[in-house]
Structure formats: structure tokens, C-alpha cells
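Notes follow once the structure below has been shown.
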Amino acid sequence: MAIATPAAPTVDVPAIPLRQLLPWLAFTALLGLLVIFFVSADQGAISIPAGNAIHEWVHDGRHLLGYPCH
Amino acid sequence: MTPRTFLVHGLLAGLFAGIAAFLVAHALGEPPLETAISLEQEHSHESGHEHENGVTVSRENQSTWGLATGTLAIGAALGGLVGLAAAVALGRLGRIRATQSTALVALVGFVAVALVPFLKYPATPPAVGDPDTIGHRTALYFSFLGLSVLAAIAAVVLAARLLPRLGTYRTVLAAAGGYLVVMVLAAELMPTVDEVGSFPASTLWEFRRSSITTLASLWAVLGVALVGLVGRTQEKLAVENARRELAASL
Ligand SMILES: [Zn+2]
């Protein structure tokens, strides 16, 4: 007599192939890191462009999000 | 599900996270930050040190639109990155659902990107950092952050390999333990930054508590929103598949 096997509590989820992921990853990483750089570090240790307009504008966010400021 | 799905969901969740971070930072963080700025101004009048020439943004703009710009930009950027990381993790972390692997990525992200760097190099209010050491402090902070992210990625990749052999409990123990050993060692070896001086301890504590609460809110909303969006898409796909199968069987 066959005993019904209990349904597995887990599932198989197909992974997205790395080759398909790579361009998305590269693009997002580049853009994301650029945005993070401008908010967190620009016109502090390094200045692109020169000046302090970006630093001054995002100043409070820089301090409260934990980035070194002044 | 495609990389595009994850990126769009991540950006949307990041936007929600940025809004939440702004609200928390504005409500909890601005009061101690204002106190710190008034202390700094008293101090700079005494020593005659003034800000260099350049653009000045009013305090009102800095604490509202400027702060919102920062939290929304960081929220969206982290959202995109976490979304894509969740796309990579999908189906690669053992037999767990898309919502579960996504939640795991967000949790690891919070620990590696926000919590652990904060423990070594905590946020400082204005008047605490020495402007002359900004280069050194920035280098230290981002080196530690980079190492933390790399160690966390390595731990997760290792865990995915070990899982079939060791089982969940031992794998999680080994991966979390490995990450912890690397980061504790790095924290021991890297220099400590202490430029607090005579800054009032209660204001410093209030500022740091508000900062880590802001970061925790950002990551919590990011994780919860992303898991919700991924779960909704997954359900839609399941319903579609069931309908297709039914149609094929007729
Ligand atoms: Zn500052």
C-alpha cells in the first residue's frame, strides 16, 4: 500500500542566468554608486565639480545617514 | 521574473524607504543636529574660525528639501542595488521562495551596509569632526564599508555552496560566524576615530541614536516594501501559470 508523501514545504525557484543579470548589475551598480558618491562624499574628501553646492544642499542627510562630513 | 522586474521593484521600494528615512531623520535627527550647529557657531565665534567662501544654503532648506534630496537619492540607489542583488539571489540560496531570498538579501544588506559600519565609525554631528581629517575619515569609513560588503557577499556565496552538505543550521552558523570574525578583526586592526572632545555626551547620544534609527527605518521599509512587491508579482505569475496549464489541459 502506497503512503502519500507529504508535500515538500519548500519550492524550486528558477534562478535568472548570470549572463542575463550581468548588464543590469553593471548598469545599476555604476549608477547607484555614482548617486551614493554624490550624496555621501562629494565636495568633502574629493570634489567633482569644485565648490560646495552639493555638499551644502545634502549636508543634513550626509550627517544623519552616517557618512563622514565635517 | 526578470532582472527588470527586480530593478523596478527595488527602485520603488527605495523611494518609499527614502520617504520613511526623511520623516524619521527630520523628526528625530534635526533637533540634536540643530543643537550641534549652534554649539559649533558659538565655538567658531570664539576661535574666529569661519566657513570658507562658497554657496550657503539656509538651515531651513538644508533640514527639509536638502535632507529629503539626500534620503530619497540614497533610498533609490540602495533600492536599485538591493533589488538587483535579490535578482541574483533568486533560486540560488537553497529551496526558498523569492520573497524569502529577497528578505534575506535586505537583512544582510542592513547588517553589512548600515549596522556594522555604524558600530565602528558611527555618525557624527556637526562640530565633532575635525575638517582637516575629512580625507582620512572618509577613506577609513569607505574602506570598512567596502570590506563589510565584500565579506558579506563572500559569506552568502560560501553559504550557498555549503548548504547542500551542512544543512541550514550549520551553514548559517558558519557563514555568519565567518563574516563576524573578518569584521571583528578588521575593526580591531583599523584605527579608531575619536574627535569628540568636549562635545556634550547627551547631544552626541541623541544624534547617533537618531542616525541609526534613520538607517534602520530606511532598510526596514526597503526590505518590507521589496518583499511585498516581489510577493505580489510572484502570485500574479502563479495565477497566470495555473490558467495556462488549465487551458493546455482542455
Ligand atoms: Zn557637515
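Residue numbers (the numbering used here), protein chains in the order written: chain A, 3 to 72; chain B, 30 to 279.
Built from N, CA and C at the ideal position, the CB exists for glycine as well.
Original post:
Checking contacts by CB at 8 Å: is Thr98(B) closer than that to chain A?
Top reply: Yes, Thr98(B) lies at the interface with chain A (some Cβ there is under 8 Å from its Cβ).
Subject >> Test: Pro51(A) CB closer than 8 Å to a CB of chain B >> reply: No, Pro51(A) lies away from the interface with chain B (no Cβ there is under 8 Å from its Cβ).
Original post:
Sorry if obvious, but does the Cβ on His72(A) come closer than 7 Å to a heavy atom of ligand 1?
Top reply: Flag set: Cβ of His72(A) near ligand 1.
Original post:
Is it true that the CB of Phe35(B) sits closer than 8 Å to the CB of Ala116(B)?
Top reply: The answer is yes: Cβ separation under 8 Å.
Subject >> beta-carbon Arg159(A) near ligand 1 non-hydrogen atom, thresh 7 Å >> reply: Nothing about residue 159(A) can be reported from this structure: the residues present for chain A run from 3 to 72 only.
Original post:
For Asp44(A), is the classification buried or exposed, using 16 other Cβ atoms within 10 angstroms of its Cβ as the cut-off for buried?
Top reply: With a 10 Å radius around the Cβ and a threshold of 16 neighbouring Cβ atoms, Asp44(A) comes out buried.
**OP:** Note down, in chain order, all residues in the segment 152-163 of chain B with a beta-carbon under 8 Å from any beta-carbon belonging to chain A.
**Re:** Within the segment 152-163 of chain B, the qualifying residues are Ala152, Thr153, Pro154, Pro155, Gly158, Pro160, Ile163.
Subject >> Paired residues, beta bridge with Ile48(A) - DSSP >> reply: Answer is Asp44(A), bridged to Ile48(A).
Subject >> Start and end residues, alpha helix (DSSP H) containing Ser239(B) >> reply: Boundaries of the alpha helix (DSSP H) harbouring Ser239(B): 230-278, taken from the DSSP string.
Subject >> Enclosing alpha helix (DSSP H) for Glu224(B) [first to last residue] >> reply: In the DSSP assignment, Glu224(B) falls outside any alpha helix (DSSP H), carrying neither H nor E.
Original post:
Since Ile48(B) is in the alpha helix (DSSP H), which residue starts that stretch and which ends it?
Top reply: Note, Ile48(B): alpha helix (DSSP H), 32-53.
Subject >> Contacts that Phe147(B) makes with chain A (C-beta to C-beta distance below 8 Å) >> reply: Near Phe147(B) (Cβ distances below 8 Å), the residues of chain A are Gly68.
**OP:** Report whether the distance from the Cβ of Pro16(A) to the nearest heavy atom of ligand 1 is below 7 Å.
**Re:** No, the Cβ of Pro16(A) stays beyond 7 Å of every heavy atom of ligand 1.
**OP:** Can you grab the Cα-Cα spacing for the pair Gly47(B) / Arg190(B), in whole Å?
**Re:** Cα to Cα, Gly47(B) sits roughly 34 Å from Arg190(B).
Original post:
With C-beta atoms as the reference, is Leu266(B) less than 8 Å away from Ala42(B)?
Top reply: A distance of 8 Å or more separates the beta carbons of Leu266(B) and Ala42(B).
Original post:
Along chain B, which residues have their Cβ under 8 Å away from the Cβ of Arg21(A)?
Top reply: At a beta-carbon threshold of 8 Å, none of the residues of chain B lie near Arg21(A); the nearest stands roughly 11 Å away.
Original post:
DSSP state of Ala205(B), grouped into three classes?
Top reply: In the structure shown, the three-state DSSP call for Ala205(B) is helix.
**OP:** Give me the Cα-Cα distance between Ala17(A) and Gly58(B), rounded to the nearest whole angstrom.
**Re:** For Ala17(A) and Gly58(B), the distance between alpha carbons rounds to 41 Å.
Original post:
Quick one: Cα of Asp14(A) to Cα of Gly226(B), how far?
Top reply: Taking the straight line joining both Cα atoms gives about 56 Å.
Original post:
Mind checking whether Ala56(B) and Ser246(B) have CB atoms under 8 Å apart?
Top reply: Cβ atoms of Ala56(B) and Ser246(B): not closer than 8 Å.
Original post:
So, are the CB atoms of His61(A) and Gln263(B) less than 8 Å apart?
Top reply: Gln263(B) sits away from His61(A), with the two beta carbons spaced by 8 Å or more.
Original post:
Taking 7 Å as the line, does the beta carbon of Pro155(B) fall inside it for any heavy atom of ligand 1?
Top reply: For ligand 1, a non-hydrogen atom lies closer than 7 Å to the CB of Pro155(B).
Original post:
Of all Cβ atoms in chain A, is any one closer than 8 Å to the Cβ of Leu275(B)?
Top reply: False, the Cβ-Cβ gap to chain A never drops below 8 Å.
Original post:
For the alpha helix (DSSP H) that Ile56(A) lies in, which residues bound it at each end?
Top reply: Going by DSSP, Ile56(A) is part of the alpha helix (DSSP H) stretching over 55-59.
Original post:
CA-CA distance, Glu269(B) and Tyr208(B)?
Top reply: Their Cα atoms are separated by approximately 40 Å.
Subject >> Closest Cα partner of Leu251(B) within the set Leu107(B), Gly123(B), Arg237(B), Ser130(B) >> reply: Shortest Cα-Cα distance from Leu251(B) to any of Leu107(B), Gly123(B), Arg237(B), Ser130(B) involves Leu107(B).
Original post:
At a cut-off of 7 Å, is His72(B) close to ligand 1 when judged by its beta-carbon and the heavy atoms of the ligand?
Top reply: Answer for His72(B): no, Cβ out of range of ligand 1.
**OP:** State yes or no: is the C-beta of Glu58(A) within less than 8 Å of the C-beta of Val178(B)?
**Re:** No, the Cβ-Cβ distance between Glu58(A) and Val178(B) is not below 8 Å.
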